[in-house]
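Visitor: Numbering (my numbering), first residue to last: 1411 to 1677.
This is the structure we're talking about:
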């Protein structure tokens, strides 16, 4: 009355229909209708097959509902690929480190010539410097650099890096720098008259930086040539265009990278 014994026979060898991911372009046949086509997508939980004539039909993903190379299979929708992990970078081009708070400031320092220099360094290297615990301090020019270095008292655990404008052979700046001889101080610089000029003209929206006649204050000459009323207005325009290291000239990048390496090296 209960029918045949379900345990009769060699039930351990009962065949299991394999499951196959319905990848795009997989060619299968619907077991009931005989429709044969390639997988082209999914709609409302059903697989969409397209035959060689371009006709499309939807079929539910039922067990053993398809034939693959003449053998029954159960199609399943492929798992969604894991989202690709993309590396974000800081404005300096370094790989950004997520979830890291600023380090307690080191004794070592980086000095720059003025507040404009400090603002530009912060715009590009600020994230890196906070992670490394390096403070950038603006000077009021470098005329008294030798005395200020002596007052700082650099040593193995208190290194000093100095970024100098217009550091070229034979300049006043080069003569001042030559008097700083401590092995715990590294002075680097760029050839530009002012940090403004270290920003690429294209970033500012000009073809090139104007030539200022000797004897005229450089920033005032730039403002006059570009039709800007005040240096403060011009500086806001310049700083507002800088987004990353790509907006500044290579000598500035190289100098800053050397200084950061120097002051973050232990011992």
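Ideal placement from N, C-alpha and C gives every residue a C-beta, glycine not left out.
This one's a predicted model, so the numbers in the text were calculated from it and none came from an experiment.
Secondary structure at residue 1628, three-state DSSP: helix, strand or coil?
Guide: Along the chain shown, read from residue 1 onward, the residue named residue 1628 stands at position 218. In the structure shown, residue 1628 sits in a helix (DSSP, three-state: H, G or I).
Visitor: Within the segment 1567-1617, note down every full alpha helix (DSSP H) run reaching 4 residues or more, in order along the chain.
Guide: As far as the segment 1567-1617 is concerned, its whole alpha helix (DSSP H) runs of at least 4 residues are 1582-1588, 1611-1614.
Visitor: Identify whether residue 1448 lies in helix, strand or coil by the three-state DSSP scheme.
Guide: As a position in the chain shown, residue 1448 is number 38, starting the count at 1. Correct three-state label for residue 1448: strand.
Visitor: Please report the distance separating the alpha-carbon of residue 1520 from that of residue 1616.
Guide: Within the chain shown, residue 1520 is the residue found at index 110, counting from 1. Within the chain shown, residue 1616 is the residue found at index 206, counting from 1. Near 31 angstroms, if we compare the C-alpha coordinates of residue 1616 and residue 1520.
Visitor: Can you find a heavy atom of the ligand GTP that lies under 6 angstroms from the Cβ of residue 1435?
Guide: No copy of the ligand GTP appears in this structure; indeed no ligand is present at all.
Visitor: Could you tell me the alpha carbon to alpha carbon distance between residue 1434 and residue 1451, rounded to whole angstroms?
Guide: Along the chain shown, one-based indexing puts residue 1434 at 24. Along the chain shown, one-based indexing puts residue 1451 at 41. Their Cα atoms are separated by approximately 7 angstroms.
Visitor: What do you get for residue 1544, buried or exposed, if any count of 16 or more other CB atoms within 10 angstroms of its CB means buried?
Guide: Within the chain shown, residue 1544 is the residue found at index 134, counting from 1. Result: buried.
Visitor: Could you name the residues of the same chain whose beta carbon sits closer than 6 angstroms to that of residue 1429, not counting the 5 residues immediately before and after it, in chain order?
Guide: Position 19 of the chain shown holds residue 1429. The residues are 1484, 1486.
Visitor: Identify the continuous beta strand (DSSP E) that holds residue 1484 and give its terminal residues.
Guide: For the purposes of this step, residue 1484 is taken as the residue at position 74 of the chain shown. Where residue 1484 is concerned, the enclosing beta strand (DSSP E) stretches over 1481-1486.
Visitor: Roughly how many angstroms lie between the CA atoms of residue 1561 and residue 1610, to the nearest whole one?
Guide: Counted from its first residue, the chain shown places residue 1561 at position 151. Counted from its first residue, the chain shown places residue 1610 at position 200. Each residue's Cα considered, the two are about 36 angstroms apart.
Visitor: Can you confirm whether residue 1534, when its beta carbon is compared against all beta carbons of chain B, has any partner nearer than 7 angstroms?
Guide: In the displayed structure, chain B is absent; only one protein chain is listed.
Visitor: Could you tell me whether the segment 1443-1458 touches the segment 1469-1484, where touching means 3 or more Cβ pairs closer than 8 angstroms?
Guide: The segment 1443-1458 vs the segment 1469-1484: in contact.
Visitor: What is the rounded straight-line gap between the Cα of residue 1552 and the Cα of residue 1536?
Guide: In the chain shown, residue 1552 corresponds to position 142, counting from 1. In the chain shown, residue 1536 corresponds to position 126, counting from 1. When rounded, the distance between both Cα atoms is 23 angstroms.
Visitor: Would you tell me roughly how many angstroms separate the C-alpha atoms of residue 1478 and residue 1491, rounded to the nearest one?
Guide: Stepping through the chain shown from its first residue, residue 1478 is reached at position 68. Stepping through the chain shown from its first residue, residue 1491 is reached at position 81. The alpha-carbon atoms of residue 1478 and residue 1491 are separated by roughly 24 angstroms.
Visitor: Following the continuous beta strand (DSSP E) through residue 1478, name the residue where it begins and the one where it ends.
Guide: Numbered from 1 along the chain shown, position 68 holds the residue referred to as residue 1478. Segment 1476-1478, the beta strand (DSSP E) holding residue 1478.
Visitor: Which class does residue 1562 belong to by DSSP, given the choice of helix, strand or coil?
Guide: Numbered from 1 along the chain shown, position 152 holds the residue referred to as residue 1562. Of the three classes helix, strand and coil, the one that applies to residue 1562 here is helix, per DSSP.
Visitor: Classify residue 1578 as buried or exposed, calling it buried when 16 or more other Cβ atoms lie within 10 Å of its own Cβ.
Guide: Position 168 of the chain shown holds residue 1578. Answer is exposed; the Cβ neighbour count stays below 16.
Visitor: What is the DSSP secondary structure of residue 1459, counted as helix, strand or coil?
Guide: In the chain shown, counting from the first residue as 1, residue 1459 sits at position 49. Residue 1459: strand per DSSP, three-state reduction.
Visitor: Straight-line CA distance for residue 1668 to residue 1555?
Guide: Counted from its first residue, the chain shown places residue 1668 at position 258. Counted from its first residue, the chain shown places residue 1555 at position 145. Approximately 19 angstroms, taken between the alpha carbons.
Visitor: Would you tell me roughly how many angstroms separate the C-alpha atoms of residue 1635 and residue 1620, rounded to the nearest one?
Guide: Within the chain shown, numbered from 1, the residue matching residue 1635 stands at position 225. Within the chain shown, numbered from 1, the residue matching residue 1620 stands at position 210. Each residue's alpha carbon lies about 7 angstroms from the other.
Visitor: Using only CA atoms, which one of 1515, 1642, 1651 lies nearest to residue 1568?
Guide: Within the chain shown, numbered from 1, the residue matching residue 1568 stands at position 158. It is 1515 whose Cα lies nearest to the Cα of residue 1568.
Visitor: Taking only three categories from DSSP, how would you classify residue 1499?
Guide: Residue mapping note: residue 1499 aligns to position 89 of the chain shown, counting from 1. Correct three-state label for residue 1499: strand.
Visitor: Distance check for residue 1488 and residue 1547, CA to CA, integer angstroms please.
Guide: Walking along the chain shown from the start, residue 1547 turns up at place 137. Walking along the chain shown from the start, residue 1488 turns up at place 78. When rounded, the distance between both Cα atoms is 56 angstroms.
Visitor: Who does residue 1442 pair with in a DSSP beta bridge?
Guide: Taking the chain shown and counting its residues from 1, one reaches residue 1442 at position 32. According to DSSP, which records beta bridges pairwise, residue 1442 is partnered with nothing at all.
Visitor: When the Cα of residue 1475 is compared with those of 1442, 1656, 1588, which residue comes out closest?
Guide: Position 65 of the chain shown, counting from 1, holds the residue named residue 1475. Here the closest residue by C-alpha is 1442.
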